[in-house]
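Residue numbers (our numbering): 2 to 404. The beta-carbon is built from N, C-alpha and C at its ideal position, and this holds for glycine as well.
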Amino acid sequence: MNSTRNSIDPEHIDDSSSQTRRLIDLWPIFAWMFLFMISNGVGITVMPVLAVLQSIPNWVLGIIGAIYFAGMFLGYFIGPPFVRAMGYKSSALLLLPIMFFGTIVLLTGSTTLWAVGRCLAGLGVGVSYIIAESWVAARAHSSIRMTALSIYITAAIFGILAAQAALTRIDPSSLWAMAFGVITIIVASALIAIAPVPEIARRHSSNHHGRSLRIIRGAVVPLFGVFVSGILFSIFVTFYPAFGAHHGMTPASVPLIGVIVMAGAAFVQPILGRLAEHVAAYRLLMIVAIGSSCASIGLVMSGDVTISFYVLIAIWGATALTTYPLYGGLAYAALPDEPTFDVARIVLIAYGVAEIAAPPLMGVMIDVWGADWLFRAAALFGGLLAAIILIAQRFRREAATRE
Numbered sequence: 002m003n004s005t006r007n008s009i010d011p012e013h014i015d016d017s018s019s020q021t022r023r024l025i026d027l028w029p030i031f032a033w034m035f036l037f038m039i040s041n042g043v044g045i046t047v048m049p050v051l052a053v054l055q056s057i058p059n060w061v062l063g064i065i066g067a068i069y070f071a072g073m074f075l076g077y078f079i080g081p082p083f084v085r086a087m088g089y090k091s092s093a094l095l096l097l098p099i100m101f102f103g104t105i106v107l108l109t110g111s112t113t114l115w116a117v118g119r120c121l122a123g124l125g126v127g128v129s130y131i132i133a134e135s136w137v138a139a140r141a142h143s144s145i146r147m148t149a150l151s152i153y154i155t156a157a158i159f160g161i162l163a164a165q166a167a168l169t170r171i172d173p174s175s176l177w178a179m180a181f182g183v184i185t186i187i188v189a190s191a192l193i194a195i196a197p198v199p200e201i202a203r204r205h206s207s208n209h210h211g212r213s214l215r216i217i218r219g220a221v222v223p224l225f226g227v228f229v230s231g232i233l234f235s236i237f238v239t240f241y242p243a244f245g246a247h248h249g250m251t252p253a254s255v256p257l258i259g260v261i262v263m264a265g266a267a268f269v270q271p272i273l274g275r276l277a278e279h280v281a282a283y284r285l286l287m288i289v290a291i292g293s294s295c296a297s298i299g300l301v302m303s304g305d306v307t308i309s310f311y312v313l314i315a316i317w318g319a320t321a322l323t324t325y326p327l328y329g330g331l332a333y334a335a336l337p338d339e340p341t342f343d344v345a346r347i348v349l350i351a352y353g354v355a356e357i358a359a360p361p362l363m364g365v366m367i368d369v370w371g372a373d374w375l376f377r378a379a380a381l382f383g384g385l386l387a388a389i390i391l392i393a394q395r396f397r398r399e400a401a402t403r404e
């Protein structure tokens, strides 16, 4: 391998004009994320379904969901130094035993072992996002970064979607479901072992605390958007089975909600990424936030599971679960002089804080007020995000006028 051509310097974004080639060069991380997230999607889908079958209280499910996201949050912290030290290939391969254990532990009926397994799976997923985020953000030219980030997230969504689609045919509580998750993570590891993987230019940075504060100050609105994206994703993947059961769906049909939501997100994600590079990105994101809020209200008001119910589910997925790479891209754009690994860490930590905090609170709300609060909360956060964007844009215009 030509180490010069394939070397990534996370401190520097290349200004090369060969943008298409650079996008194509990212195929190993796109393919790896797709397969990796199939395995993760098995765990995400199987655990809530098993919890419903075993009548596990929603507050317990919420705690386990928070533990999973706490593991992911830990991965965001240890990921940058770990990946810098080990390189992309070795880091990815070391995630195999972690994800293997995190999947097979669901065969037990112990919620304690579930919590341990979900924590390890979350850790693996957190490190995988550090690998992918830093790889894509450093390799893609700034003019196509939102598209590249959207493709990587789309690959991850398609992976989760593929898992959920398969689990509509495979009994989620069966050994076959676990075997499917294990096989896909083995295939993902085999792919990354033989694929061309860029090296990381190892540079040591100092004053991480001051740099983190500077990154936060420089990208407040994008980071808030990332935070809301984390809330919406975490409460959905943890509690959509409870919402489906509330509407009379059987355990076997509940994964269809996840399939439709992820399909809506996966097909719209690249389109939004490309649009955000050619129109006013914040205006587009405000429209998307309003759309997600309206879809949430429609789902709260829905009764029986009909075609309109599934249409609203698809619209919600296309608007609520597609914004993370766009806000992340805006954060990178606002901080062109900051190291890519450090920006990726702050972006993912903002996402991780939301993932940890939201499921336990949502579990209590659902136990007290009912499963419809899943989308009542989603409607409130969509409206709040639209309002924050509107206010920030108004302040920006006023500041530009004064200057």
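Between residue i and residue j, is the Cβ-Cβ spacing less than 7 Å?
i, j, result
"G330", "Y77", "no"
"V137", "I216", "no"
"A379", "S297", "yes"
"L375", "F244", "yes"
"I236", "M179", "no"
"G103", "A122", "yes"
"L150", "A267", "no"
"S198", "Y89", "Correcting the residue identity first, residue 198 is Val in this sequence and not Ser. Closer than 7 Å, so yes."
"L176", "A321", "no"
"V223", "V50", "Residue 223 is actually Pro in this sequence, not Val. No, Cβ-Cβ distance for P223 and V50 is not below 7 Å."
"G42", "A194", "no"
"T323", "S135", "no"
Distance check for residue j and residue i, CA to CA, integer angstroms please.
i, j, result
"L62", "A281", "40 Å"
"I389", "G292", "15 Å"
"D15", "P360", "In this prediction, D15 has a pLDDT of 46, which is less than 50 and means its spatial position is unreliable; what the coordinates show is noted afterwards. If you take the alpha carbons of D15 and P360, they lie about 39 Å apart."
"A156", "A32", "7 Å"
"G44", "R397", "43 Å"
"L257", "D338", "44 Å"
"I187", "I171", "19 Å"
"M263", "F382", "19 Å"
"Y283", "G231", "18 Å"
"S190", "I347", "27 Å"
"G160", "T185", "10 Å"
"T239", "Q394", "33 Å"
How about residue i: is its C-beta nearer than 7 Å to some C-beta of chain D?
i, result
"V269", "As a matter of chain content, chain D is missing from the structure shown, which is built from one protein chain."
Looking only at C-alpha atoms, which of the options sits nearest to residue i?
i, options, result
"S91", "V128, V117 and I64", "V128"
"D368", "H247, N41 and R170", "H247"
"L391", "T323, L285 and L300", "L285"
"S303", "A189, R377, W370 and V47", "R377"
"S144", "P271, L124, C295 and E278", "E278"
"Y325", "G72, V227, V222 and A355", "V227"
"I152", "L349, A358 and I30", "I30"
What residue does the alpha helix (DSSP H) around residue i start on, and which one ends it?
i, result
"T148", "R146 to A167"
"T104", "N59 to I105"
"I298", "A282 to M302"
"I357", "T341 to W370"
"E134", "T112 to R140"
"R275", "P256 to A277"
"L36", "W28 to L54"
"L224", "V221 to H247"
The stretch 300-318 contacting the stretch 43-59, beta-carbon criterion three pairs below 8 Å: Cβ pair count under 8 Å is below three, so no.
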